[in-house]
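Colleague: To convert, note that position 262 of the sequence shown is 275 in the working numbering; the numbers rise steadily by one, no gaps.
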Amino acid sequence: MSISILTDSTCDLPEEVIQKYQIEVVPLFIQMGEKQLVDGMNITKEEFYARLPDYDPAPTTASPGPDIFKEAYRRLAAQGAETILSLHISEALSATIKSARMAAQEMDRVAVQVIDSGQLSLGLGFMVERVAQMAHRGASLEEIQHEIKEMQSRTYVFAALDTLEYLRRSGRMHIALARFGEILQLKALLYMHQGRPEAHRIRTTKKAMHKMFSWLEHRAPFEKLAVLHAGVYDRAKALREQVQKYLPREEIPITQITPVLGAHLGVGALGFACMSQTKR
């Protein structure tokens with residue numbers, strides 16, 4: 014059986030991985046004033062984060078509609094796919110998977126399995142890369158589905174935000190809470206596991222980093238680990254030095270978060286995507 018893999022642009026996978034395994038990526042959208050941008054296509058990450066602090070009004074984001082997914086599914090079917098695994102950002106964070114499901118219901122030429130990863134960024138990306146590798150090797154649909162469930166249980170993403178302002182501007186946080194947090198110099202810690210997003214408020218950046226390090230320590234040893242950042246590569250590079258011990262035989266990748274996520278998290282977001290070796 015020919016199995017094709019489709020995901021969305023929040024997966025943050027490197028282009029070389031996408032090309033190697035022929036992963037189909039459906040982009041989300043960013044509205045910057047009157048201009049609609051396609052995530053990952055007509056604006057670079059560097060340009061987006063350079064413009065973000067001064068952009069008024071704040072950028073908004075939008076999920077692709079069902080028609081976009083139908084077009085992508087039909088394209089894969091025309092290329093010979095018998096089954097499509099459509100793996101996406103958590104439904105708790107985006108309406109993307111709802112559009113994918115609506116499109117899948119209208120497919121008759123190809124079987125489409127739509128799966129909620131329960132994750133975002135490289136938490137999703139780790140899963141997509143693994144299932145693409147399995148499909149490339151000829152694994153069965155049942156084997157791949159089992160692997161996804163197993164990975165979901167041991168994949169985590171967490172990040173510290175420099176400011177609550179971007180969450181407020183994007184409408185993801187009540188304005189009164191954001192202003193209260195800024196007055197008290199609170200930092201937000203975001204934690205994602207198996208489709209359950211959590212937010213923690215921490216007094217200082219130092220304490221936020223300490224909390225993330227404790228989460229890492231509790232979930233080690235790792236099969237995969239990456240540093241995530243939004244426009245602060247130098248800080249991400251320094252952070253990698255502090256956690257390299259967890260993967261001493263390979264260099265931990267640094268990934269800049271895609272703009273459609275950065276619009277909500279803001280410049281300065283810094284954190285990790287990780288996959289434990291065993292279930293935690």
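Beta carbons are placed, not taken as given, at the ideal position from N, Cα and C, and that holds for glycine.
Give the C-beta separation of Thr20 and Leu137 to the nearest angstrom, bearing in mind that I take them to be a contact with Cβ-Cβ under 8 Å.
Modeller: 7 Å
Colleague: Should Arg232 go down as buried or exposed, given a rule of 16 or more other Cβ atoms within 10 Å for buried?
Modeller: With a 10 Å radius around the Cβ and a threshold of 16 neighbouring Cβ atoms, Arg232 comes out buried.
Colleague: Would you kindly report the start and end of the unbroken alpha helix (DSSP H) that includes Met140?
Modeller: 134-150
Colleague: With DSSP as the reference, label Ile36 as helix, strand or coil.
Modeller: coil
Colleague: Tell me the DSSP secondary structure of Tyr62 in three-state form.
Modeller: helix
Colleague: Under a three-way DSSP split, which group does Leu229 fall into?
Modeller: helix
Colleague: Which whole runs of the beta strand (DSSP E) in the segment 238-275 are 3 residues long or more, in chain order?
Modeller: 267-269
Colleague: If you follow the beta strand (DSSP E) that Pro210 is in, where does it begin and where does it stop?
Modeller: 209-215
Colleague: Please check the pair Val273 and Thr74, which I expect to be a contact at CB under 8 Å, by giving their CB distance rounded to whole angstroms.
Modeller: 5 Å
Colleague: Sorted by chain position, which residues of the same chain lie with C-beta nearer than 6 Å to Gln165's C-beta, five sequence neighbours on each side aside?
Modeller: Gly131, Gln207
Colleague: Taking three-plus beta-carbon pairs below 8 Å as touching, is the segment 75-86 in contact with the segment 55-67?
Modeller: no
Colleague: Would the segment 113-123 count as touching the segment 157-173 if we require 3 or more Cβ pairs under 8 Å?
Modeller: no
Colleague: Considering just the uninterrupted stretch of the beta strand (DSSP E) at Met115, what are its terminal residues?
Modeller: Run containing Met115: none in the beta strand (DSSP E); it sits in the alpha helix (DSSP H), 109-117.
Colleague: If we ignore side chains and look at the alpha-carbon of each, how far apart do Gly284 and Arg253 end up?
Modeller: 10 Å
Colleague: Suppose the cutoff is 7 Å on Cβ atoms and the five residues either side in sequence are ignored; what does the same chain contact list for Arg248 look like?
Modeller: His242, Leu283
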